[in-house]
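Numbering (this note's numbering), first residue to last: 33 to 435. Beta carbons are placed, not taken as given, at the ideal position from N, Cα and C, and that holds for glycine.
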């Protein structure tokens, strides 16, 4: 209440420059008159055929709140996609994208926690008004579908393909179809990674360097397993098979044919060059110029994970409410929702990057031409250098290589 009052005080300020001298009234600014009339429980209406349900108001409030947050998430998503439209992304643009993605992650945390409020309603309390919902279903949340599409969920990832589209109003179908024609955030990130510099620079080749380092890692692992007296033959054979699979996974970074096999098997989505760039960022994320890009990749994984946590918690909530019965509007309910939990991930390739990492002691040091480009530096004009020559301990500085 104190927070709302403080906000009202801030809003109740004369409009300078408008010439009207009017005040902005808190309820008017938020259009509370309209907002608070939007909750109309059907069971409360005459002729509904059921007793008025106390809990239907909670059901409506929760889902309307979800839709408001979906609107905000779409607003943030579109702004990040707009930043990525430009191939040249500097620290300012990456920092802004990172900031807004972290906001999205925080909102998604709230969405997950909000399910606990809905779970205060018992299955019987839901059944008191379920019949009045008719054909209405959460499957018709076009905003959530837009969010998934703009993030990068493809229609072939969905358990039932595109059949859900037919349940939307025509205007919402048009929005869905328009979103499908635009590049998703995944598409933009992949293009950005594909054009990442420094993987090949002045004789340095990241793929060749990585191939040599991973070969040494695999051989050391194999030798340790083969020479260990504490492993029986069955476990030794299983461990060697695992090492062979790991070796093939490493090869996919520097051997396009192996990478293409992963793509064909549905084990990877990012392109060959984009995958290598993402790994380069993760391996050398301690380099000053790579810290922001690497953080961006991690936050993309966090956003994807939190959206998936919401899918999981939502599926569990539906199961506790209706079991395995068909959902409202003829939807498949829990069974469908449970299938979407892992199938609708977008940035799994980034989440799986840890499989491709190697110990720091085996990580090749970047050659000076590359390492120097990845440091922060300031260009100092010659006439400004006297400031440094005359300062400090009074010693003349003759080595300006740090510039």
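{"Check": "Check this for me: beta carbons of residue 112 and residue 133, under 8 Å apart or not?", "Outcome": "yes"}
{"Check": "Alpha carbons only, please: which of 159, 105, 224, 115 is nearest the one belonging to residue 8?", "Outcome": "For residue 8 there is no data in the structure shown, the boundaries of the chain being 33 and 435."}
{"Check": "At which residues does the alpha helix (DSSP H) containing residue 187 begin and terminate?", "Outcome": "Where residue 187 is concerned, there is no enclosing alpha helix (DSSP H), given that its DSSP letter is neither H nor E."}
{"Check": "Buried or exposed: residue 370, going by 16 or more other Cβ atoms within 10 Å of its Cβ?", "Outcome": "buried"}
{"Check": "Give the DSSP bridge partners of residue 267, in chain order.", "Outcome": "Note: residue 267 sits in no beta bridge, so no partner."}
{"Check": "What number of angstroms, rounded off, separates the C-alpha of residue 362 from the C-alpha of residue 167?", "Outcome": "Only weak support exists for where residue 362 lies, its pLDDT of 46 falling under 50; the value from the coordinates is given anyway. Taking the straight line joining both Cα atoms gives about 7 Å."}
{"Check": "Would you call residue 340 buried or exposed, if buried means 16 or more other Cβ atoms sit within 10 Å of its Cβ?", "Outcome": "buried"}
{"Check": "Please give me, in chain order, every unbroken run of the alpha helix (DSSP H) with length at least 4 that falls completely inside the stretch 145–202.", "Outcome": "155–159, 174–183"}
{"Check": "Let me make sure I understand the geometry here. Which of 382, 259, 240, 151 has the alpha-carbon closest to that of residue 396?", "Outcome": "240"}
{"Check": "Does the Cβ-Cβ distance between residue 254 and residue 272 come in under 8 Å?", "Outcome": "yes"}
{"Check": "Suppose the cutoff is 7 Å on Cβ atoms and the five residues either side in sequence are ignored; what does the same chain contact list for residue 207 look like?", "Outcome": "174, 178"}
{"Check": "Looking at the structure shown, is residue 237 part of a helix, part of a strand, or coil, going by DSSP?", "Outcome": "strand"}
{"Check": "In terms of DSSP beta bridges, what is residue 232 paired with?", "Outcome": "237"}
{"Check": "Touch check for the stretch 214–225 and the stretch 298–313: three-plus C-beta pairs under 8 Å?", "Outcome": "yes"}
{"Check": "Among 325, 284, 287, 233, which one has its Cα closest to the Cα of residue 122?", "Outcome": "325"}
{"Check": "Measuring alpha carbon to alpha carbon, tell me which residue in 280, 307, 211 is nearest residue 238.", "Outcome": "307"}
{"Check": "For residue 55, name the three-state secondary structure that DSSP assigns.", "Outcome": "strand"}
{"Check": "According to the neighbour-count rule (16 or more other Cβ atoms, all chains shown, within 10 Å of its Cβ), is residue 270 buried or exposed?", "Outcome": "exposed"}
{"Check": "Here's the rule: buried if 16 or more other CB atoms are within 10 angstroms of the residue's CB, otherwise exposed. What is residue 181?", "Outcome": "buried"}
{"Check": "Take residue 279 as the anchor and find which of 234, 387, 60, 69 has the nearest alpha-carbon.", "Outcome": "387"}
{"Check": "May I ask you to report which of helix, strand or coil DSSP gives residue 226?", "Outcome": "helix"}
{"Check": "Is the shortest distance between the beta-carbon of residue 228 and the beta-carbons of chain D less than 8 Å?", "Outcome": "In the structure shown, chain D does not exist; there is a single protein chain."}
{"Check": "Mapping the DSSP letters down to three states, classify residue 100 as helix, strand or coil.", "Outcome": "helix"}
{"Check": "What are the start and end residues of each continuous beta strand (DSSP E) run of 3 or more residues lying completely inside the stretch 305–356, in chain order?", "Outcome": "none"}
{"Check": "Using 10 angstroms around the beta-carbon of residue 184, count the other beta-carbons present and answer buried if the total reaches 16, otherwise exposed.", "Outcome": "buried"}
{"Check": "Excluding five sequence neighbours on each side, which residues of the same chain lie with their C-beta closer than 7 Å to the C-beta of residue 311?", "Outcome": "285, 385, 388"}
{"Check": "Could you give the DSSP three-state label for residue 424: helix, strand or coil?", "Outcome": "Bear in mind that a pLDDT of 42 at residue 424, under 50, signals an unreliable position, so the number given afterwards is only what the model happens to contain. In this structure, residue 424 counts as coil in the three-state DSSP scheme."}
{"Check": "Exposed or buried, what is residue 319 when buried is set at 16 or more other beta-carbons lying within 10 Å of its beta-carbon?", "Outcome": "buried"}
{"Check": "Taking residue 228 as the reference, which of 101, 266, 322 has the closest Cα?", "Outcome": "322"}
{"Check": "Give me the Cβ distance between residue 383 and residue 331, rounded to the nearest whole Å; I'm assuming they're in contact under 8 Å.", "Outcome": "The pair is not a contact, with the Cβ atoms about 12 Å apart (cut-off 8 Å)."}
{"Check": "Go to residue 402, then tell me how far its alpha helix (DSSP H) extends in each direction, as first and last residue.", "Outcome": "400–405"}
{"Check": "Does the beta-carbon distance from residue 171 to residue 88 come in below 8 Å?", "Outcome": "no"}
{"Check": "Applying the 10 Å Cβ sphere with the 16-neighbour rule, what's the burial state of residue 107?", "Outcome": "exposed"}
{"Check": "Who are the Cβ neighbours of residue 191 in its own chain at under 7 Å, not counting the five residues just before and after it?", "Outcome": "368, 371, 372, 375"}
{"Check": "Could you pull out every residue in the same chain whose Cβ sits closer than 8 Å to the Cβ of residue 96, ignoring the five residues on either side in sequence?", "Outcome": "70, 71"}
{"Check": "Which class does residue 131 belong to by DSSP, given the choice of helix, strand or coil?", "Outcome": "helix"}
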